[in-house]
Amino acid sequence: MANLPKALADAAAEVETVLDAVLSVEGAPEKLIYDAMRYTTLGGGKRLRPFLVMESARLFGVPKASALRTGAALELIHCYSLVHDDLPAMDDDDLRRGKPTVHKQFDEATAILAGDGLLTLAFEVLADPATHPDAEIRATLVLALAKAAGVRGMVGGQMIDLDAETKTLNLAEITQLQQLKTGALIGFGCEAGAILGRAAAAERKALRAYADVLGLAFQIADDLLDVEGSVEETGKAVGKDANAGKATFVSLLGIQGARQKAAALVDQAVSHLSGFDDRADLLRLTARFVVDRRN
Ligand code: GRG
Numbered sequence: 098m099a100n101l102p103k104a105l106a107d108a109a110a111e112v113e114t115v116l117d118a119v120l121s122v123e124g125a126p127e128k129l130i131y132d133a134m135r136y137t138t139l140g141g142g143k144r145l146r147p148f149l150v151m152e153s154a155r156l157f158g159v160p161k162a163s164a165l166r167t168g169a170a171l172e173l174i175h176c177y178s179l180v181h182d183d184l185p186a187m188d189d190d191d192l193r194r195g196k197p198t199v200h201k202q203f204d205e206a207t208a209i210l211a212g213d214g215l216l217t218l219a220f221e222v223l224a225d226p227a228t229h230p231d232a233e234i235r236a237t238l239v240l241a242l243a244k245a246a247g248v249r250g251m252v253g254g255q256m257i258d259l260d261a262e263t264k265t266l267n268l269a270e271i272t273q274l275q276q277l278k279t280g281a282l283i284g285f286g287c288e289a290g291a292i293l294g295r296a297a298a299a300e301r302k303a304l305r306a307y308a309d310v311l312g313l314a315f316q317i318a319d320d321l322l323d324v325e326g327s328v329e330e331t332g333k334a335v336g337k338d339a340n341a342g343k344a345t346f347v348s349l350l351g352i353q354g355a356r357q358k359a360a361a362l363v364d365q366a367v368s369h370l371s372g373f374d375d376r377a378d379l380l381r382l383t384a385r386f387v388v389d390r391r392n
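Just add 97 to the spot in the sequence shown (first one is 1) and you have our numbering.
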């Protein structure tokens, strides 16, 4: 029987080792930027995105080192997005992963640079032959991650989100926003294993379909946690969406409606994995985990 909490913890520890290695520097005059990048990246977070890379890669027998480096690159992008999202010009948050945000611990300029450093380091890690010996695979990964993180993905979603502060979005618009802002990186996480493993187009498509539904379920859970969770559980401020009068899945569907929608999405996500054998069991359990999580 697959044990998701143990698998998540084991994967997080392995990813941590890779992140630690790529963020190591000795005696450099720019050491402060490494301190800020290490502060925000190491020792926190669920590492869900790297876990998705590792589990999708396992379906195709990809060597673990390749999956780990690809997962680490994705986590670097995720960490950069959190640092920049927390800045005063964006969400203006003081707490992240249970500790002061980077601009609080260091200063704003260092936080901006730390985000830039994490973003670019992610592509350095991916493009390194240590990630995969085949340059074409590396280029495919770089292209897919650039799309997921950039204006066609997360950055585009963040722009719609910032712009929405002056409008009220409907359910279709919120869904589109979240598919870009949160869903795009989750999508890369699931597709990366298929890219690394040279999977058939149908298998890559099935993983993408799983990821699209998983990303929405994850976001609904995030909206529910903003209403029902606590600072102690989530390690970040809660109640922010309601205070800002922002339309979310919860404000549009209600708490019960949002829970029902999330439960239906879990079933849908699992159904997209029907073509895979028991090696996909942890991905099946992950669908349930993203909606039941308390942080
Ligand atoms: C600044 C370009 C740019 C983008 C920011 C990701 C993001 C876009 C903003 C973060 C705000 C937020 C709370 C989004 C909801 C979904 C989300 C990314 C939650 C945090 O991810 P988790 O729960 O965090 O995986 P951990 O700490 O476990 O890694």
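We treat Cβ as the ideally placed atom computed from N, Cα and C, and that holds for glycine.
Any heavy atom of ligand 1 within a distance shorter than 7 Å of the CB on residue 401?
The chain is shown from 98 up to 392; residue 401 falls before or after that span and cannot be answered.
As a quick exercise: from 183, 243, 318, pick the residue whose alpha carbon is nearest that of residue 390.
318
Beta-carbon proximity list for residue 274, same chain, < 8 Å, skipping 5 on both sides:
254, 257, 258, 261, 266
Along the chain, where does the alpha helix (DSSP H) that runs through residue 128 open and close?
128–138
May I ask you to report which of helix, strand or coil DSSP gives residue 194?
coil
Whose CA, out of 126, 313, 135, lies closest to the CA of residue 120?
135
Would you mind listing the alpha helix (DSSP H) stretches within the stretch 206–284 that are 4+ residues and don't spill past its ends, in chain order?
232–246, 251–260, 268–275
For residue 327, name the three-state secondary structure that DSSP assigns.
coil
The alpha helix (DSSP H) that contains residue 351, what's its start and end?
346–368
Count the other C-beta atoms from every protein chain shown that fall within 10 angstroms of the C-beta of residue 146, then say buried if there are 16 or more, exposed otherwise.
buried
Give the secondary structure of residue 151 by DSSP, where H, G and I count as helix, E and B as strand, and everything else as coil.
helix
Among the residues of its own chain, which have a CB less than 7 Å from the CB of residue 244, if the five just before and after it don't count?
250
Distance check for residue 286 and residue 236, CA to CA, integer angstroms please.
16 Å
Proximity to residue 212 [Cα-Cα], best of 231, 189, 179
179
Do residue 252 and ligand 1 come close, with the Cβ less than 7 Å from some heavy atom?
yes
Which residue's Cα is closest to the Cα of residue 322: 206, 352, 290?
352
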